[in-house]
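Trainee: As given, the protein sequences belong to chains A and B, one line each in that order.
One gets the working numbering by counting positions in the first sequence from 1 and adding 44 to each.
One gets the working numbering by counting positions in the second sequence from 1 and adding 44 to each.
Glycine residues also receive a C-beta, built at the ideal position from the N, C-alpha and C atoms.
Handing you this structure, nothing more for now.
There are 2 protein chains.
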Amino acid sequence: PSRAKVESVYSNRGMTLEEDLNETNEYYLAQGIAVVHKKPTPIQIVNVDYPKRSAAVIKEAYFKQASTTDYNGVYKGKYIDFEAKETKNKTSFPLRNFHEHQIQHMNQIVKQNGISFVILMFTSLEEIYLFEAPSLFPYWQDMKKDGRKSIPKADIEKKGHLIELGYHPRIDYIKTIDKLYF
Amino acid sequence: PSRAKVESVYSNRGMTLEEDLNETNEYYLAQGIAVVHKKPTPIQIVNVDYPKRSAAVIKEAYFKQASTTDYNGVYKGKYIDFEAKETKNKTSFPLRNFHEHQIQHMNQIVKQNGISFVILMFTSLEEIYLFEAPSLFPYWQDMKKDGRKSIPKADIEKKGHLIELGYHPRIDYIKTIDKLYF
Ligand SMILES: [Mg+2]
Ligand SMILES: [Mg+2]
């Protein structure tokens with residue numbers, strides 16, 4: 045299908061980036077292409093009820109900030125790890141979407157020779173880029189030194205990799221990983 | 045320290061296998077040896093309260109069965125993935141400690157050339173073994189065909205790899221992984 049056609053289907057079905065990535069990962073799993081899962085949301089459990097003859101009920105719990113990224117797994121033996129973020133902006137990607145501990149985690153992965161990247165979606169433009177962690181780090185460092193708080197779209201186009209949107213899988217990021225690392 | 049001494053310290057401090065593995069993984073992370081995290085427990089959230097000016101409170105939630113193993117991460121670029129289990133038995137390790145979906149996940153990892161294993165602890169003996177997933181599969185298949193429901197300790201000694209217990213890190217499983225795969 046032409047890109048225009050895919051895009052119009054894409055926008056009409058009201059799917060979220062997370063749902064699309066989950067569908068993509070299910071496809072990879074079913075086809076034996078890669079094993080990638082989204083990590084569960086970390087929860088701080090405070091109070092649990094254990095009723096007789098039925099399942100334990102969590103009665104009080106709180107959301108914790110994740111200390112890592114959302115997705116990880118294996119492709120051809122290599123460790124892959126990523127975070128997915130979206131913006132409605134059209135000309136830049138805000139860095140406030142990331143947290144210091146996530147950047148630290150990406151750094152640890154890169155040092156351990158893992159494949160670390162972010163999936164950046166410009167929702168209004170319906171464009172999704174794979175942006176490698178080592179390309180992200182300088183923008184983060186710059187922001188911390190009171191530099192700009194976003195990555196210009198032009199830089200993402202240049203240093204990142206546009207992922208073609210499809211039906212099945214919807215966001216074929218492994219194709220890009222394969223080109224870049226294998 | 046001698047093994048006897050380490051063991052007596054080990055038994056007196058009342059640590060759990062999970063705590064020891066978390067300590068070990070923190071050590072690996074701090075030393076830049078490996079990046080391995082325990083996945084959060086998956087929770088099915090049913091009801092959340094959003095009070096004004098304070099954090100969201102989960103009021104009703106349930107534990108979900110995990111679809112993968114508990115630990116994964118990266119060592120020297122390679123994907124590693126494992127589950128940790130313990131038994132009070134002294135002569136065999138019960139297979140009921142595992143679930144079909146975990147074995148399936150291990151199978152998917154092995155097919156994708158990832159490093160998949162289990163950490164088996166005999167708590168009464170204070171012995172911990174690294175047992176590679178491909179060694180585990182035949183016992184699982186056999187059990188499903190009405191075979192025996194446990195792995196004989198002698199088989200674990202022969203096919204598995206005894207991990208020396210220490211202080212810091214406590215369960216140095218990466219040493220074994222390094223010998224076996226690098
Ligand atoms: Mg996230
Ligand atoms: Mg478990």
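#1: For the segment 79-93 of chain A, which residues have a CB atom closer than 7 Å to at least one CB atom of chain E, in sequence order?
#2: List the endpoints of the continuous alpha helix (DSSP H) containing B:Ser111.
#3: When the cut-off is 8 Å and only beta carbons count, does A:Asn157 lie next to chain B?
#4: Can you list, in chain order, the residues of its chain with a C-beta nearer than 7 Å to that of A:Leu174? Leave out the 5 residues immediately preceding and following it.
#5: Using beta carbons (cut-off 8 Å, strictly below), is A:Phe107 in contact with chain B?
#6: Note down, one range per segment and in chain order, each beta strand (DSSP E) of at least 3 residues found wholly within the segment 136-175 of chain A.
#7: So, is A:Phe226 buried or exposed, given that buried needs 16 or more other C-beta atoms within 10 angstroms?
#8: In whole angstroms, what is the alpha-carbon distance linking B:Ala78 and A:Gln146?
#9: Taking the continuous beta strand (DSSP E) assigned at A:Asp125, which residues delimit it?
#10: Output needed for B:Asp64: all residues of its chain with C-beta closer than 8 Å, excluding positions within five of it in sequence on either side, in chain order.
#11: Say whether chain B places a C-beta atom closer than 8 Å to the C-beta of A:Ala99.
#12: Quick check: B:Phe166 and B:Thr113, are their CB atoms within less than 8 Å of each other?
#13: Would you mind giving the Cβ-Cβ distance between B:Ile110 and B:Glu62, rounded to the nearest angstrom? I have them listed as a contact below 8 Å.
#14: Does B:Tyr217 come within less than 8 Å of chain A when only Cβ atoms are used?
#15: Measure the C-alpha to C-alpha separation of B:Tyr211 and A:Lys223 and round it to an integer number of angstroms.
#16: Taking only beta carbons into account, state which residues of the segment 133-162 of chain B come closer than 7 Å to chain A, listed in chain order.
#17: Could you name the residues of the same chain whose beta carbon sits closer than 8 Å to that of A:Lys188, not counting the 5 residues immediately before and after it, in chain order?
#18: Judging by CA-CA distance, which residue of B:Arg140, B:Tyr119, B:Lys103 is the nearest neighbour of B:Arg192?
#19: Who are the near neighbours of A:Gly117 in its chain, counting only those whose CB is closer than 7 Å to its CB and skipping five residues on each side?
#20: Can you tell me whether A:Ala105 is buried or exposed, with buried defined as 16 or more other CB within 10 angstroms of its CB?
#21: Between B:Leu180, B:Met150, B:Gln156, B:Tyr115, which has its C-alpha nearest A:Pro84's C-alpha?
#22: Are the CB atoms of A:Gly121 and B:Gly158 nearer to each other than 8 Å?
#23: Is the CB-CB distance between B:Val92 and B:Val101 below 8 Å?
#24: Which first and last residues belong to the alpha helix (DSSP H) in which A:Ser179 is found?
#25: Between which two residues does the beta strand (DSSP E) containing A:Lys82 stretch?
#26: A:Asp65 lies in the alpha helix (DSSP H); which residues open and close that run?
#27: Are there 16 or more other CB atoms within 10 angstroms of the CB of B:Met150, so buried, or fewer, so exposed?
#28: Determine which residues share a DSSP beta bridge with B:Ile195 and list them.
#29: Just list the residues that DSSP pairs A:His205 with in beta bridges.
Mentor: The short version:
#1: No chain E appears in this structure, whose protein chains are A and B.
#2: Position 67 of the second sequence holds residue 111 of chain B. That residue, B:Ser111, is in no alpha helix (DSSP H); it is neither H nor E in DSSP.
#3: Your numbering for residue 157 of chain A matches position 113 in the first sequence. Chain B, which has a Cβ nearer than 8 Å to the Cβ of A:Asn157, makes this yes.
#4: As a position in the first sequence, residue 174 of chain A is number 130, starting the count at 1. Excluding positions up to five away in sequence, the list reads Phe161, Ile163, Gly204, His205, Ile207, Tyr217, Thr220.
#5: In the first sequence, the residue the question calls residue 107 of chain A occupies position 63. Chain B, which has a Cβ nearer than 8 Å to the Cβ of A:Phe107, makes this yes.
#6: 136-138, 159-166
#7: Counting from one through the first sequence, the residue named residue 226 of chain A turns up at place 182. That one is exposed.
#8: The residue labelled residue 78 of chain B in the question sits at position 34 within the second sequence. The residue labelled residue 146 of chain A in the question sits at position 102 within the first sequence. Whole-angstrom Cα-Cα distance: 17 Å.
#9: Translated into the one-based positions of the first sequence, residue 125 of chain A becomes position 81. Segment 122-131, the beta strand (DSSP E) holding A:Asp125.
#10: In the second sequence, residue 64 of chain B corresponds to position 20, counting from 1. Counting only residues of its own chain and dropping the five nearest sequence neighbours on each side, B:Asp64 has a CB closer than 8 Å to the CB of Arg214, Ile215.
#11: Translated into positions along the first sequence, residue 99 of chain A becomes position 55. Taking Cβ atoms only, chain B reaches closer than 8 Å to A:Ala99, which makes this a yes.
#12: Stepping through the second sequence from its first residue, residue 166 of chain B is reached at position 122. Stepping through the second sequence from its first residue, residue 113 of chain B is reached at position 69. Contact: no.
#13: As a working mapping, residue 110 of chain B is identified with position 66 in the second sequence. As a working mapping, residue 62 of chain B is identified with position 18 in the second sequence. At residue 110 of chain B the sequence reads Ala, which differs from the Ile that was named. So it is not a contact: roughly 14 Å between Cβ atoms.
#14: Counted from its first residue, the second sequence places residue 217 of chain B at position 173. Not one chain A Cβ lies under 8 Å of B:Tyr217.
#15: Locating residue 211 of chain B in the second sequence gives position 167, counting from the first residue. Locating residue 223 of chain A in the first sequence gives position 179, counting from the first residue. The alpha-carbon atoms of B:Tyr211 and A:Lys223 are separated by roughly 43 Å.
#16: Going along the segment 133-162 of chain B in chain order, one finds Gln152, Ile153, Lys155, Gln156, Asn157, Gly158 with a Cβ nearer than 7 Å to chain A.
#17: Mapped onto the first sequence, residue 188 of chain A falls at position 144. Result list for A:Lys188: empty, nothing under 8 Å.
#18: By one-based count along the second sequence, residue 192 of chain B stands at place 148. It is B:Arg140.
#19: Indexing the first sequence from 1 puts residue 117 of chain A at position 73. The residues are Ala78, Val79, Val80, His81, Ile124.
#20: Here residue 105 of chain A refers to the residue found at position 61 of the first sequence. Buried, because 16 or more other Cβ atoms sit within 10 Å of the Cβ of A:Ala105.
#21: Locating residue 84 of chain A in the first sequence gives position 40, where the first residue counts as 1. Measuring from the Cα of A:Pro84, the nearest candidate turns out to be B:Tyr115.
#22: Within the first sequence, the letter at position 77 stands for residue 121 of chain A. Within the second sequence, the letter at position 114 stands for residue 158 of chain B. For A:Gly121 and B:Gly158, yes; Cβs fall inside 8 Å.
#23: Locating residue 92 of chain B in the second sequence gives position 48, counting from the first residue. Locating residue 101 of chain B in the second sequence gives position 57, counting from the first residue. Against a cut-off of 8 Å, the Cβ pair of B:Val101 and B:Val92 comes out as a contact.
#24: Position 135 of the first sequence holds residue 179 of chain A. It spans 177-188 - the alpha helix (DSSP H) in which A:Ser179 sits, taken as one unbroken run.
#25: Your numbering for residue 82 of chain A matches position 38 in the first sequence. From DSSP, the beta strand (DSSP E) with A:Lys82 extends over 79-82.
#26: Here residue 65 of chain A refers to the residue found at position 21 of the first sequence. First, the residue type needs correcting, since residue 65 of chain A is Leu and not Asp in the sequence shown. From DSSP, the alpha helix (DSSP H) with A:Leu65 extends over 61-75.
#27: Position 106 of the second sequence, counting from 1, holds the residue named residue 150 of chain B. When all chains shown are included, B:Met150 counts as buried.
#28: In the second sequence, counting from the first residue as 1, residue 195 of chain B sits at position 151. B:Phe137.
#29: In the first sequence, the residue the question calls residue 205 of chain A occupies position 161. Answer by DSSP bridge pairing, in chain order: A:Leu174.
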